[in-house]
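Q: Quick one: structure below, then a few questions.
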Amino acid sequence: MSGFFHNDIRVSKLPLQEIIDEIREEVGPFLSQGKVADYIPELGRVKPEQFGMAVTLLNGQTFETGQSRDNFSIQSISKVFALTIAFAEWGDQLWLKVGREPSGNPFNSLVQLEHEAGKPRNPFINAGALVVADSIVSRFSEPTDMIIDFMHEISGNSGLEMDSNVFDSEKEHGHRNAALAHFMKSYGNMESEVNEVLNFYFGHCSVRMNCFDLAHAFLYLANHGKHPLTAKVYLAASQAKRINSLMLTCGTYDAAGDFAFRVGLPGKSGVGGGIAAIIPGCMSIGVWSPGLDKHGNSLAGIKALELFTTKTEISIF
Ligand code: GLU
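Under the working numbering, the residues of the sequence shown are numbered 1473 to 1789, in order.
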């Protein structure tokens, strides 16, 4: 299936390399304005003033700038991969356990969960991602191997692995996530053992990728659920549409409205400073800069994406 931008002559005429090199220059002043996440102490050691970006077209052609091959902790970006596996497995039954509305609350908030009887607002806040993790852990015997294999496949990089220091750091300081999981268990919205779910969740969050890997890994979402380079189908087109919609409305914490306003693309961020975004039928983008804004999104990363859709004049709108 070709998307609405795929054959657009405009994209092939765009000087993408020039554009992203220009963006790297222009985000320079923003690199020192963000603050690295330190609630996971291991992430607090990363130098904020770093930047990389990769843009991959559906034919695999990739444009890169800056530190596009430096690995970072993908953190919440991995929630998209977990959601893909869970949605492919459970179909619409998944929505009995987790909602599809923006939360309007911080990503690790406990408050809303009590009001809503243990059903998280969406799969990208931590509570929702834990329910998604549970739905995978309760179905598959080796869930961690499976999700890592999935990441190898979609990125085309079989060298991707978990960062055991980040994993340990997160587990040691993961009391809030543990609280969320126990709380949902008390409402009957968590089938598996809390510890197993947390291990799986911290495991997929701790995987390291770079912008090049990330741009490749999101190609199946830019191509209606089918990886354009391997032809493997991971989701039905209507399911890919739904995951992209969730990224647009809930993918950047409590600032998804502002992200949609500024960037105009579905995207998912992580507290490691990465953001993956897609233009359906056209391309996927990986960007990374560890300094975060007050919502937990990469400050220079959002700026770069905003500049990209402004300069290229392509977005979903
Ligand atoms: N593993 C992180 C946590 O649960 C994910 C944070 C994020 O990137 O939003 O706190």
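Each residue gets a CB set at the ideal place from its N, CA and C atoms; glycine is no exception.
1) Am I right that residue 1655 and residue 1553 are in contact with their C-beta atoms under 8 Å? What's the rounded C-beta distance?
2) Buried or exposed, going by whether 16 or more other CB atoms sit within 10 Å of the CB of residue 1769?
3) CB-CB under 8 Å to residue 1732, same chain, minus the five flanking residues each way: which ones, in chain order?
4) Short check: CB of residue 1504 to CB of residue 1521, under 8 Å?
5) With a CB to CB cut of under 7 Å and the five nearest residues on each side skipped, what residues in its chain are close to residue 1687?
6) Below 8 Å on the Cβ atoms is my guess for residue 1549 versus residue 1741; work out the distance and round it to an integer in Å.
7) For a test of your reading of the model: does the CB of residue 1548 fall under 7 Å from any non-hydrogen atom of the ligand GLU? Yes or no.
8) Please list, in chain order, all residues of the same chain as residue 1612 whose beta carbon is under 7 Å from its beta carbon, the five residues on each side excluded.
9) What number of angstroms, rounded off, separates the C-alpha of residue 1482 from the C-alpha of residue 1717?
10) Apply the 10 Å Cβ neighbour rule to residue 1564 and answer buried if 16 or more other Cβ atoms are within range, or exposed otherwise.
11) Can you tell me which of 1725, 1683, 1581 puts its alpha carbon nearest to the alpha carbon of residue 1492?
12) Taking 8 Å as the cut-off, decide whether the C-beta atoms of residue 1778 and residue 1734 are in contact.
13) Based on the DSSP output, what are the partners of residue 1833 in its beta bridges?
14) With distances taken from CA atoms, which of 1537, 1653, 1568 is nearest residue 1586?
15) Taking only the alpha-carbon atoms, compute the straight-line gap between residue 1737 and residue 1723 and give it to the nearest angstrom.
16) With C-beta atoms as the reference, is residue 1666 less than 8 Å away from residue 1650?
17) Buried or exposed, going by whether 16 or more other CB atoms sit within 10 Å of the CB of residue 1676?
18) Quick one: is the Cβ of residue 1768 within less than 7 Å of any heavy atom of the ligand GLU?
19) Are the beta-carbon atoms of residue 1429 and residue 1519 separated by less than 8 Å?
20) Give the DSSP-derived three-state secondary structure of residue 1775 in the structure shown.
21) If you draw a straight line from the C-alpha of residue 1805 to the C-alpha of residue 1713, how long is it?
22) Taking the straight line between their C-alpha atoms, what separation do you get for residue 1543 and residue 1681?
23) For residue 1566, which residues of its own chain have a beta-carbon under 7 Å away from its beta-carbon, when the five flanking residues on both sides are left out?
A: Considering the structure as presented:
1) In fact, because the Cβ distance is near 25 Å, the residues do not count as touching under 8 Å.
2) buried
3) 1720, 1721
4) yes
5) 1526, 1527, 1528, 1534, 1756, 1757, 1758
6) 7 Å
7) yes
8) 1618
9) 25 Å
10) exposed
11) 1683
12) yes
13) Here the chain covers residues 1473 to 1789 and nothing more, so residue 1833 does not appear.
14) 1653
15) 10 Å
16) yes
17) buried
18) yes
19) Coverage of the chain is limited to positions 1473 through 1789, which leaves residue 1429 absent and any answer about it impossible.
20) helix
21) Residue 1805 falls outside the range modelled here, since the chain spans only 1473 to 1789, and no answer is possible.
22) 5 Å
23) 1558, 1559, 1607
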